[in-house]
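Sequential numbering from 1 applies to the sequence shown in the UniProt record's numbering.
Glycine included, each C-beta is placed from N, C-alpha and C at the ideal position.
Just so it is clear, the structure is predicted and the values come from calculations on it, not from any experiment.
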Amino acid sequence: MENAIKVFKSQGIPVLEPGRPKYDRAIATANFLYRFSRPGCVAQPESAAHVQTIIKEAKSRNLKITIKCRGHSYAGHSTASEGISLDLRKMKEVKLDMKENTVTFDAGCQWGHVYGTLINGQHKGFVINGGRCPTVGVSGFLLGGGLSPFTRSFGMGSDTLMEADVVTADGKLITVKETDNPKSDKGKLFWALCGAGGGNFGVVVRLKLRVQKLRNQDGTVVAGRYQWFPKAGFTEDIISTMIDFYTTDWPNEITIDTTWICDLRQSAQLGGIRFAITFDGSKADYDGIIDKYIKNEELKVQLKRRVLAESSTRFLYETLVNQWLEETERAYPANKTYELYSSFMFTKDNKGVIQKAIAIVRDLMASFRADFKGEQVNFLVTWIHSGGKAIEKKPTDSAFFWREAVFHTYITVEWVDKWMERDMRRFLTTVKDALRPLSLNGEAAFINFPDSDSPIKSYERAYFGGNFEELRRVKQIWDKDNFFKWAQGVRLPGEAEGNDGEGEGADKTDQIASEQWEYYKTTDIVKDLNELADLGY
1 MENAIKVFKS QGIPVLEPGR PKYDRAIATA NFLYRFSRPG CVAQPESAAH
51 VQTIIKEAKS RNLKITIKCR GHSYAGHSTA SEGISLDLRK MKEVKLDMKE
101 NTVTFDAGCQ WGHVYGTLIN GQHKGFVING GRCPTVGVSG FLLGGGLSPF
151 TRSFGMGSDT LMEADVVTAD GKLITVKETD NPKSDKGKLF WALCGAGGGN
201 FGVVVRLKLR VQKLRNQDGT VVAGRYQWFP KAGFTEDIIS TMIDFYTTDW
251 PNEITIDTTW ICDLRQSAQL GGIRFAITFD GSKADYDGII DKYIKNEELK
301 VQLKRRVLAE SSTRFLYETL VNQWLEETER AYPANKTYEL YSSFMFTKDN
351 KGVIQKAIAI VRDLMASFRA DFKGEQVNFL VTWIHSGGKA IEKKPTDSAF
401 FWREAVFHTY ITVEWVDKWM ERDMRRFLTT VKDALRPLSL NGEAAFINFP
451 DSDSPIKSYE RAYFGGNFEE LRRVKQIWDK DNFFKWAQGV RLPGEAEGND
501 GEGEGADKTD QIASEQWEYY KTTDIVKDLN ELADLGY
């Protein structure tokens with residue numbers, strides 16, 4: 001590691017080493033499960049050439065690389081516990097070309113950086129098919145497929161990808177494009193990047209997307225948020241309303257995300273549902289849609305009242321942030337909670353499945369409230385509205401396989417006291433056992449909402465469905481030595497799959513923190529803390 005750091009410094013690559021305040025800030029994580037993660041160094045490249053140097057040195061010295069954009073991975077996949085943290089956050093140049101309706105940006109950008117080009121240029125009526133949370137990193141989002149507020153109008157985020165610059169495992173810089181011959185090696189790599197590109201085939205350093213024009217001539221977005229906390233809780237009337245909601249054939253121009261909330265830190269509440277609305281159209285058209293499809297009078301009134309029609313630039317600048325404020329705050333290092341996640345995919349066409357899933361969620365929330373009364377714990381079930389244009393492509397048209405999903409549902413279990421981990425893990429296992437059989441094909445999960453405890457044997461099928469074998473062949477072409485290897489990465493052809501016992505069946509209470517604590521000697525950690533104290537931190 002020391003020799004690699006010397007090389008990085010000689011090439012002008014910023015490097016942060018343990019025992020320095022900037023290092024500790026760079027590795028800070030919002031999820032306390034990974035609180036003891038301490039890589040040997042943090043390399044912060046400022047150019048593609050820097051990334052090439054880092055990859056060449058790491059491979060020649062057999063050093064593990066963990067790629068990090070903004071650190072939003074739900075399963076901690078961007079958090080390095082050893083080797084080199086390849087932190088791309090200094091690479092954040094954005095170029096907007098409204099003559100060609102394209103935007104090109106470095107892989108270290110947040111979506112807020114990218115949206116800012118439309119906002120600052122006052123390009124009303126145009127949007128970029130990016131993330132809901134402006135603090136989310138662009139590369140992880142797009143390379144996993146990417147669910148946008150406008151996915152129903154324009155497809156998955158990766159469906160609007162035009163080209164990408166990639167540093168490969170041998171340190172070469174290449175560009176792959178949607179126009180590449182799909183049978184060529186570059187064409188296959190572009191295909192793989194659209195849904196399975198994160199950390200599997202190389203380091204993506206720059207991306208190019210199409211800028212999208214809204215349907216309505218006024219260039220407005222109707223958007224808002226409503227939190228529905230029925231006084232009597234989840235009664236049969238509420239459950240019936242939500243089943244109808246999830247099985248409605250909504251127009252492609254409207255996206256309504258929902259989050260079921262069971263936050264025991266707010267003991268007075270019996271649970272509620274948060275609605276986040278985005279509509280490409282006028283307020284009058286929106287009201288007509290709500291009147292047509294929502295039968296519950298209370299909900300109908302509030303969904304029409306709690307929205308505003310505004311310019312698309314204002315939506316990107318202000319409203320989107322406020323709609324997803326809790327998610328954004330949860331990702332800040334200042335947030336000090338422990339979190340676990342898992343995800344599922346549902347289609348509206350099977351009402352029986354939706355009915356079962358809603359009944360399960362209601363019953364689980366009731367048991368969560370009863371079992372953990374008085375504890376600082378939170379249980380959320382978020383339904384991200386998809387479908388629409390995203391369904392029009394075939395599962396094999398890109399690496400993102402689960403095209404028929406209309407709702408990507410992810411579970412969040414959050415707690416404050418570390419000794420609650422065993423109970424929270426046990427509860428989440430109960431959730432997964434109940435809902436997994438109802439997910440598409442009895443296994444589907446979304447790589448952008450990863451589950452760190454997904455069974456070792458089956459995660460490739462869960463994330464990539466019938467595309468996983470082709471992804472392995474692409475891996476063989478571009479990373480035959482499996483340099484880009486991580487816990488839930490694409491394997492090489494013929495590689496053993498492991499067994500399910502290594503995944504969610506095992507008791508992993510305090511395992512992550514304990515392993516990371518032991519990796520670095522306690523004396524080294526104490527030395528680092530003392531040095532920070534001497535500097536006034």
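- With contact defined as three or more Cβ pairs closer than 8 Å, the region 388-395 and the region 416-436 are not in contact.
- Look at Arg35 here: in three-state DSSP terms it is coil, with no helix or strand label.
- Taking the C-beta atoms as reference points, Cys69 is found nearer than 7 Å to Ser139.
- At the C-beta level, Ala107 and Glu57 stay beyond 7 Å of one another.
- Linking Ala309 to Thr429 through their CA atoms gives a straight-line distance of about 42 Å.
- Looking at the DSSP output, Phe401 bridges to nothing.
- With a cutoff of 7 Å on beta-carbon distance, Val205 and Asp165 are scored as near each other.
- With distances taken between CA atoms, Pro230 lies nearest to Ile273 out of Ile273, Thr247, Tyr293.
- For Ile174, DSSP records a beta bridge to Val166.
- Boundaries cannot be given for Arg70, as no alpha helix (DSSP H) includes it and DSSP labels it neither H nor E.
- DSSP assignment within the region 257-323 yields the following whole beta strand (DSSP E) runs of 3 residues or more, N-terminal first: 272-280, 307-311.
- Leu161 carries a strand assignment under DSSP once its states are collapsed to helix, strand and coil.
- Between Pro450 and Lys480, the alpha-carbon positions lie close to 25 Å from each other.
- Where Glu443 is concerned, there is no enclosing beta strand (DSSP E), because DSSP gives it neither an H nor an E.
- Looking at Lys99, Gln110, Arg422, the one whose alpha-carbon comes closest to that of Leu316 is Gln110.
- For Glu469 and Pro493, the gap between their C-alpha atoms comes out near 7 Å.
- At a Cβ-Cβ threshold of 7 Å, Ile290 and Leu303 count as neighbours.
- Inside the region 98-154, DSSP marks whole beta strand (DSSP E) runs of 3 or more residues at positions 102-106, 126-128, from first to last along the chain.
- According to the DSSP assignment, His50 belongs to the alpha helix (DSSP H) that extends over 48-60.
- In this structure, the straight-line span from the alpha carbon of Glu236 to that of Ile243 is close to 10 Å.
- Three or more beta-carbon pairs separated by less than 8 Å are not found between the region 181-197 and the region 212-225, which leaves the two stretches without contact.
- Counting along the chain, the unbroken beta strand (DSSP E) around Ile84 starts and ends at 84-87.
- Excluding its 5 nearest sequence neighbours in each direction, Gly202 has C-beta neighbours in its own chain below 6 Å: Val166, Val167, Thr168, listed in chain order.
- Scanning Val406, Lys99, Lys124, Gly131 for the CA closest to the CA of His113 turns up Gly131.
- When the Cα atoms are used, Leu96 and Thr117 turn out to be separated by approximately 6 Å.
- For Thr429, the three-state secondary structure derived from DSSP is helix.
- For Gly352, the enclosing alpha helix (DSSP H) has its first and last residue at 351-371.
- Rounded to the nearest angstrom, the Cβ distance from Ser439 to Met365 is 19 Å, too far for a contact under 8 Å.
- Annotated three-state conformation of Glu421 is helix, per DSSP.
- Separation of His72 and Ala232 (C-alpha to C-alpha, rounded to the nearest whole angstrom) is 36 Å.
- In the DSSP assignment, Ala192 falls within the alpha helix (DSSP H) that extends over 185-196.
- Of all C-beta pairs linking the region 35-53 to the region 5-21, three or more are shorter than 8 Å, placing the two stretches in contact.
- Asn252 is the residue among Asn252, Thr347, Gln516, Tyr459 whose C-alpha sits nearest the C-alpha of Tyr286.
- Ranked by Cα distance from Glu460, the options Glu163, Trp486, His123 are led by Trp486.
- Under the three-state reduction of DSSP output, Phe229 falls in the coil class, being neither helix nor strand.
- Looking at the backbone, the Cα of Gln44 and that of Met91 are separated by about 8 Å.
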